[in-house]
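Below: one structure, written as structure tokens.
Numbering (the numbering used here), first residue to last: 2 to 474.
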């Protein structure tokens, strides 16, 4: 079978009689619905929460997964890190955001067959724009925030926002003419979960949906946090639920979580709001928030006994880097030393913006490689160096360029003193780095451990296999 958007006559080729040719308005939409039909429309038998946003999607998905499990639900997870189906965890392919529609639908079918009742689907802008999460019967749509990202693909912020908004528009589609085999799904009101403090709120709130729930810190919301205390060990706060819902009772519980930083408070509030929308009680929410461990590659501490904290984080956008640095500022009294790069063949403007964020908020900055792909790493670093200079950065004093990522991590660690903190950002959980068209094995966490051991033993940095390594280092 061939699916195409153009008439068969336009192809200028012979198609044998055994091949069915179907012309459709949009092949991506058709593939999504065909894949869903092939798998028996599995999302209709699951309570599905879609999570979108620029930053925090994976963390929020993992937090909500913890909360739902604490509530005793059988829940599946499809994030950019992994798929969780029952007791089975499966990593996704390299540099994957949202998998293609047939893969997504196959995962959903496996979840139904495993007896799961709930599913959390991380929904990226690419996944929404390309219908990878098309033909899914979403019950909840949650946004973390919408800031500068992926403009290389979407072309403008307006188009990027429109892709994110599609998740919320799904909530108001005509009801599916199917009978769900999941009795819990019949009791769910389709709900948009919005960050009332984010710039996206007003526009997303204008989309008609059956129900809307809000969370935030700065304005009155359905789910709020107060009395927040940050430390290197985590975060404590009071969670208030129901104040703006018109509920006759308002729930207030203490939360003590190992997750650090204000942005993680937002992530926890978002997860709490989604859980409430799926009828989870406040006690289960409290337990889930307090038992969640650090998310892989998200503000993940690396501790080999060194006299200063070292954190690996996935922050690869200006807003995420800002959040990571601000979180670090609340953890230590000393300097913040950042190590990060900016990917090739991606949003060019982000290079300058990220460098400016670090020059403005951190004390020392080490610019390095992050998947340069077929672009010149030297030119990428030059653009980032210019961003540092715009905020008063002085090369060799407050910022440095080190093309080799292992060498950059090593160099940053050699500068760190007691009460400082080293933030290694941009790769997080990822397991490779692309130079040209080759994916080289790479793990920031393992590279950091190797560099730490070398620094602590007063040894040079070893070759970790990247083409940028210089043997004299």
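All residues carry an ideal CB built from backbone N, CA and C; glycine is no exception.
{"Check": "Alpha carbon to alpha carbon, how far is residue 377 from residue 453?", "Outcome": "29 Å"}
{"Check": "Among all the DSSP beta bridges, which residues are the ones paired with residue 368?", "Outcome": "341, 402"}
{"Check": "Excluding the 5 residues preceding and the 5 following residue 465 in the sequence, name in chain order all residues of the same chain whose CB lies nearer than 6 Å to its CB.", "Outcome": "407, 448"}
{"Check": "Mapping the DSSP letters down to three states, classify residue 119 as helix, strand or coil.", "Outcome": "strand"}
{"Check": "What are the boundary residues of the alpha helix (DSSP H) that includes residue 287?", "Outcome": "283 to 292"}
{"Check": "Check whether the Cβ atoms of residue 118 and residue 179 sit closer than 8 Å, and answer yes or no.", "Outcome": "no"}
{"Check": "Sort 401, 348, 455, 410 by Cα distance to residue 313 and report the nearest one.", "Outcome": "410"}
{"Check": "Are the segment 134 to 150 and the segment 168 to 175 touching, with three or more C-beta to C-beta distances below 8 Å?", "Outcome": "yes"}
{"Check": "Ignore the nearest five residues each way along the sequence and tell me which others in residue 394's own chain have a CB closer than 6 Å to its CB.", "Outcome": "360, 400"}
{"Check": "Let me confirm a value: residue 445 is counted as buried when at least 16 other C-beta atoms fall within 10 Å, else exposed. Which label applies?", "Outcome": "buried"}
{"Check": "Note down the Cα distance separating residue 90 from residue 83, rounded to an integer number of angstroms.", "Outcome": "7 Å"}
{"Check": "Please report the distance separating the alpha-carbon of residue 218 from that of residue 470.", "Outcome": "45 Å"}
{"Check": "Just how far apart, CA to CA, sit residue 383 and residue 403?", "Outcome": "11 Å"}
{"Check": "Check the C-beta distance from residue 242 over to residue 229 and give it rounded, since I have them as a contact under 8 Å.", "Outcome": "Not really, about 16 Å apart at Cβ, beyond 8 Å."}
{"Check": "Please report the straight-line C-alpha distance between residue 12 and residue 30, rounded to a whole angstrom.", "Outcome": "21 Å"}
{"Check": "Which first and last residues belong to the beta strand (DSSP E) in which residue 64 is found?", "Outcome": "Careful: residue 64 lies outside any beta strand (DSSP E), inside the alpha helix (DSSP H) at 58 to 71."}
{"Check": "Counting only the same chain and skipping the five closest in sequence on each side, list residues whose C-beta sits under 8 Å from that of residue 287.", "Outcome": "240, 254, 255, 256"}
{"Check": "Report the residue ranges of all beta strand (DSSP E) runs contained in full by the segment 317 to 341; include only those spanning at least 3 residues, in chain order.", "Outcome": "337 to 341"}
{"Check": "What are the boundary residues of the beta strand (DSSP E) that residue 440 is part of?", "Outcome": "439 to 442"}
{"Check": "I need the DSSP call for residue 184, collapsed to helix, strand or coil.", "Outcome": "helix"}
{"Check": "Leaving aside the five residues before and after residue 462 along the sequence, list all residues of the same chain whose C-beta is less than 7 Å from its C-beta, in chain order.", "Outcome": "407, 408, 411, 452, 455, 474"}
{"Check": "To the nearest angstrom, report how far apart residue 328 and residue 41 are at their CA atoms.", "Outcome": "45 Å"}
{"Check": "What separation, rounded to the nearest whole angstrom, lies between the Cα atoms of residue 373 and residue 55?", "Outcome": "21 Å"}
{"Check": "By how many angstroms is the C-alpha of residue 386 removed from the C-alpha of residue 365?", "Outcome": "13 Å"}
{"Check": "Determine the DSSP secondary structure at residue 346, reduced to helix, strand or coil.", "Outcome": "coil"}
{"Check": "Could you tell me how far apart the beta carbons of residue 123 and residue 102 are, in whole angstroms, since I believe they sit closer than 8 Å?", "Outcome": "About 15 Å; that fails the 8 Å criterion."}
{"Check": "Which runs of the beta strand (DSSP E) spanning at least 3 residues fall entirely within the segment 10 to 39, listed in chain order?", "Outcome": "22 to 24"}
{"Check": "So what does DSSP say about residue 420, is it helix, strand or coil?", "Outcome": "coil"}
{"Check": "Output the boundary residues of the beta strand (DSSP E) element that contains residue 165.", "Outcome": "Not the beta strand (DSSP E): residue 165 falls in the alpha helix (DSSP H), residues 158 to 170."}
{"Check": "Classify residue 351 as helix, strand or coil using the three-state DSSP reduction.", "Outcome": "helix"}
{"Check": "The alpha helix (DSSP H) with residue 257 in it runs from where to where?", "Outcome": "Where residue 257 is concerned, there is no enclosing alpha helix (DSSP H), although the beta strand (DSSP E) it sits in stretches over 252 to 258."}
{"Check": "Might you give, ordered along the chain, the residues of its own chain that have their beta carbon closer than 6 Å to the beta carbon of residue 148, omitting 5 neighbours on each side?", "Outcome": "55, 320"}
{"Check": "Less than 8 Å separating the beta-carbons of residue 57 and residue 146?", "Outcome": "yes"}
{"Check": "Would you be able to state if there are at least three C-beta pairs under 8 Å between the segment 21 to 39 and the segment 263 to 271?", "Outcome": "no"}
{"Check": "Which class does residue 450 belong to by DSSP, given the choice of helix, strand or coil?", "Outcome": "helix"}
{"Check": "Using the Cα positions of residue 155 and residue 363, report the straight-line distance between them to the nearest angstrom.", "Outcome": "Because residue 155 sits at a pLDDT of 47, beneath the cut-off of 50, its placement in the model cannot be relied upon, and the following sentence gives the value as read from the coordinates. Their Cα atoms are separated by approximately 30 Å."}
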